[in-house]
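Take a look at the structure set out below.
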Amino acid sequence: MSVYINSIQQISAQQPLSEDWFNEPIMHTEAYNRAIDVDYKQYLAPNVARRLGKILKRALVVSKKAMEESGVAQPEAIITGTGLGCIENTEIFLEKLVREGEELLNPTYFMQSTHNTISSLIAIDAKCHSYNNTYAHSGISFECALQDAFIQLETGKIKNALVGAHDEMTPVYFGILKKSGYLGKANQHFAGETAVAMMLSTKKSERALCSIDGVEKMYTGGKELEGVRGVKKLLSDVDYVMIGTNGVDEHDAVYFDNCAQLFSGIPLLQYKNIFGEGYTMPALGVYAAATCLHKGEIPNHLFLGEKNTKKFRKILCYNQFEGKNHTFVLLSR
Amino acid sequence: MGIVSALGNGVNETLQALQTHTSGVGALRYLQTSHTEFPVGEVKMTNEEMMNLLGIAETVPTTRTSLMGMLALKETLEQARLNSTNQLRIAFINGTTVGGMDKSEQFYLDFLENNTHNEYISTHDCGACSEMIADYFGIFSQIDTISTACSSAANAIVLGAELLKSGRADIVVAGGCECISKFHLNGFNTLMILDREPCRPFDATRAGLNLGEGAAYVVLESEESAQKRGVTPLSTLLGYANTCDAFHQTASSPEGEGAYLAMKKALENAGLTPEHIDYINAHGTGTQNNDASEGTAIVRLFGETPPPVSSIKAFTGHTTSAAGSVEAVICNLALQHNFIPVNLNFSTRIAELPFEPYYGSPSQIASRTLPIKTILSNSFGFGGNDTSLIFSKL
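Going down the list, the protein sequences come from chains A and B.
Read in the numbering used here, the first sequence has 126 at position 126, and its numbers run on one by one without any break.
Each number in the numbering used here corresponds to the 1-based position in the second sequence with 1000 added.
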């Protein structure tokens, strides 16, 4: 069964709910940039907009927009990938706990602190009782969610699915992850935030962006990527490979080494230069690739090497996290 | 399969506790918290003791959740005769929500103010927790981490089955792990759902849950694969379903819609009708809300005289993200040894429900002969993430 991306929406460091980044990308110069929020009161009831944290507001708005655009009111699956979940509320609860002790804590922050708050909020809003799941596996959280949906669609178990990728980055957590060496390094693309929602379907809509031909994940635990069983079938006729280079030499070297081995000679594209780095950024890579396929054009700022104007049909999105996890998402026109 | 919980380390200690009606819930001993008034189902080992058992050097940064995960996974892999010589694509699917929170809450001020414990920053997230466990064994070719609160491990088993069917793995090891953290103990306390007494699932006097901790995993593989490897399967995962209550972030709907749909769809998925179920292993946390809602859903599907229903939460405490696989292991023990785990601490039926849970002393139980062939196991989580699994004797 073919699987199509019928709609996709984003709120990120680029213009929200828009494709303006395609021709006029915002080139950020700070080491850390929050997503550009919309006026949530335009999309959500005022009491809802007030009550929810940033990650939840963004997730709800992009999900509602994606569902609306594809004409699906109640998806047969709602699946979210999130590296850290609702980290802002977690942080508030945790800080109060360690600074002020175990009394007088506010239940609201705890209630909206778990990773699955996002998927369930979308389900509550859509009154949707169907399959509902959440993946929290650091840098491949989105691909875990995508693969779950893809398997169920491919096998005909479901006909459509809402897949989301959501992460917020608070100033405090940026500081913490800078210490661990994940973000904010010299020359590294900025730390960003993700809110991406896409409606996948086995039925192609008129406005479908592209099809998803495969989703594979591999864990090597840091060992060399070899014996890419399952991935080989994704490699034929690939026109471009979209990779997650972030400007840090030793990080990017893993990409370049593996690309040289697996996709020798295929031109490379990037996306983190305009969307930033973060756990679920690969969803914005898929978003950027899908947009290119839809428009039949690749903007200059996405080329990693020389600009190329050849006709193209297939883009493979390759993500690696810490050299241990490798994911492959093949998109075609 | 493999398990570590308040009932002990390993399948044998677990079975013995279940059959002698010995609860693992008691006064708090290991977690550093001011809330010592709450009984808990702790794993009766310090982190150092677990590291010793696993042969991990004291200087290695670990978290309690991953240590319990490693212990349970070690038993699982040994029992299933899986190791690096198998040359198979083995996927590891882990459910956890707390992840490395035990260390984060201990060192959070250090993360903010100095550089003394930075090594625990990258052990915080759920994915890091799964990888730490997996790396101890080094045999996995794919890892997924599911975080749907108290149904995480059950959903790991669901994904495992789908992954096998899709041909992406030869063997799947699925389950979950979770230690008690100060973070969620306090969170549950703010929601006023912790009982100061041992919990009483499906009892009229129930006043909340007791938190527990643990880890458990099951090995899933096709009949063909088991035959090829010369191993005898313990049971068949006949069906499963994941649904959403879509009612409230932390409460279940009064009519138990999500729970009803999960059980109903799991039966459909297994090609069974309610009469086929010999025992319902309920989620039964002991909170007012869950037991009333789940009980109502059971009556809606199974009628006023459902098959025996019990919750094992009074044995283990609520092991949250690990609950689904802790109970999957217990259901498999029940099938293997032909018994129904009793619902401890029951005395008075809930007025709104027409049924009592399965209970009785060891001697009362001994005289009953029950053919146990097929079990339905429920795991429900915050956010209405409801999942039911059906296990059946071969």
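No residue lacks a Cβ here, since even glycine has one placed at the ideal position from N, Cα and C.
Per-residue burial, residue i [other beta carbons within 10 Å of its own, 16 or more giving buried]
| i | result |
| --- | --- |
| methionine 27 of chain A | exposed |
| methionine 281 of chain A | buried |
| valine 1060 of chain B | exposed |
| glycine 181 of chain A | exposed |
| serine 1325 of chain B | buried |
| asparagine 1115 of chain B | exposed |
| asparagine 308 of chain A | exposed |
| glycine 222 of chain A | exposed |
| lysine 314 of chain A | buried |
| asparagine 1290 of chain B | buried |
| methionine 1070 of chain B | buried |
| asparagine 187 of chain A | exposed |
| glycine 83 of chain A | buried |
| glycine 1295 of chain B | buried |
CB contact flag (residue i, residue j, <8 Å)
| i | j | result |
| --- | --- | --- |
| threonine 1243 of chain B | alanine 1270 of chain B | no |
| valine 62 of chain A | glutamine 10 of chain A | yes |
| glycine 164 of chain A | glutamine 112 of chain A | no |
| leucine 1191 of chain B | phenylalanine 1391 of chain B | no |
| isoleucine 1280 of chain B | leucine 1376 of chain B | yes |
| serine 70 of chain A | asparagine 6 of chain A | yes |
| threonine 1145 of chain B | tyrosine 131 of chain A | no |
| alanine 1259 of chain B | serine 1311 of chain B | no |
| serine 1367 of chain B | tyrosine 1240 of chain B | no |
| serine 1342 of chain B | methionine 1001 of chain B | Reading the sequence as shown, one finds valine at residue 1342 of chain B and not serine. Going by C-beta atoms, valine 1342 of chain B is not nearer than 8 Å to methionine 1001 of chain B. |
| glycine 1208 of chain B | cysteine 1199 of chain B | yes |
| leucine 235 of chain A | aspartate 213 of chain A | no |
| phenylalanine 275 of chain A | tyrosine 32 of chain A | no |
| glycine 1138 of chain B | alanine 1156 of chain B | no |
| threonine 1185 of chain B | histidine 1318 of chain B | Note that residue 1185 of chain B is leucine in the sequence shown, not threonine. The answer is no: Cβ separation not under 8 Å. |
| serine 119 of chain A | glycine 1383 of chain B | yes |
| glutamine 1142 of chain B | lysine 324 of chain A | no |
| glycine 1055 of chain B | serine 1005 of chain B | no |
CB contact check: residue i to chain B, cutoff 8 Å
| i | result |
| --- | --- |
| lysine 217 of chain A | yes |
| tyrosine 131 of chain A | yes |
| tyrosine 135 of chain A | yes |
| aspartate 167 of chain A | no |
| glycine 214 of chain A | no |
| valine 98 of chain A | yes |
| threonine 114 of chain A | yes |
| alanine 111 of chain A | Reading the sequence as shown, one finds methionine at residue 111 of chain A and not alanine. Judged by the 8 Å Cβ criterion, methionine 111 of chain A is in contact with chain B. |
| glutamate 224 of chain A | no |
| isoleucine 92 of chain A | no |
| serine 180 of chain A | yes |
Backbone secondary structure at residue i - three-state DSSP
| i | result |
| --- | --- |
| isoleucine 92 of chain A | helix |
| methionine 199 of chain A | strand |
| asparagine 1118 of chain B | helix |
| asparagine 116 of chain A | coil |
| glutamine 42 of chain A | helix |
| lysine 310 of chain A | coil |
| glutamate 103 of chain A | coil |
| leucine 235 of chain A | coil |
| asparagine 1289 of chain B | helix |
| glutamate 216 of chain A | strand |
| tyrosine 173 of chain A | helix |
| aspartate 1245 of chain B | coil |
| phenylalanine 943 of chain B | An answer regarding residue 943 of chain B cannot be provided, because it is not within the stretch 1001 to 1394 covered by chain B. |
| histidine 1337 of chain B | helix |
| glutamate 76 of chain A | coil |
| methionine 1070 of chain B | helix |
Any chain A beta carbon closer than 8 Å to residue i
| i | result |
| --- | --- |
| isoleucine 1143 of chain B | yes |
| cysteine 1244 of chain B | yes |
| glutamate 1162 of chain B | yes |
| threonine 1033 of chain B | yes |
| glutamine 1249 of chain B | yes |
| aspartate 1135 of chain B | yes |
| phenylalanine 1038 of chain B | no |
| aspartate 1195 of chain B | no |
| aspartate 1125 of chain B | yes |
Proximity test, residue i beta-carbon vs the ligand ZN heavy atom, cut-off 7 Å
| i | result |
| --- | --- |
| arginine 207 of chain A | Inclusion of the ligand ZN in the displayed structure is not the case, the ligand content being empty and no account of it being possible. |
_As an exercise, report each continuous beta strand (DSSP E) stretch of at least 3 residues that is fully enclosed by the stretch 126-183 of chain A, in chain order._
Listed in chain order, they are 131-135 and 160-167.
_Give the list of continuous beta strand (DSSP E) stretches no shorter than 3 residues that lie fully inside the stretch 1158-1218 of chain B._
Taking only runs of at least 3 residues, the beta strand (DSSP E) segments lying wholly in the stretch 1158-1218 of chain B are 1171-1178.
*Only counting runs of 3 or more residues, tell me where the beta strand (DSSP E) segments fall wholly within the stretch 1264-1327 of chain B, in order along the chain.*
Complete beta strand (DSSP E) runs here, min 3: 1279-1281.
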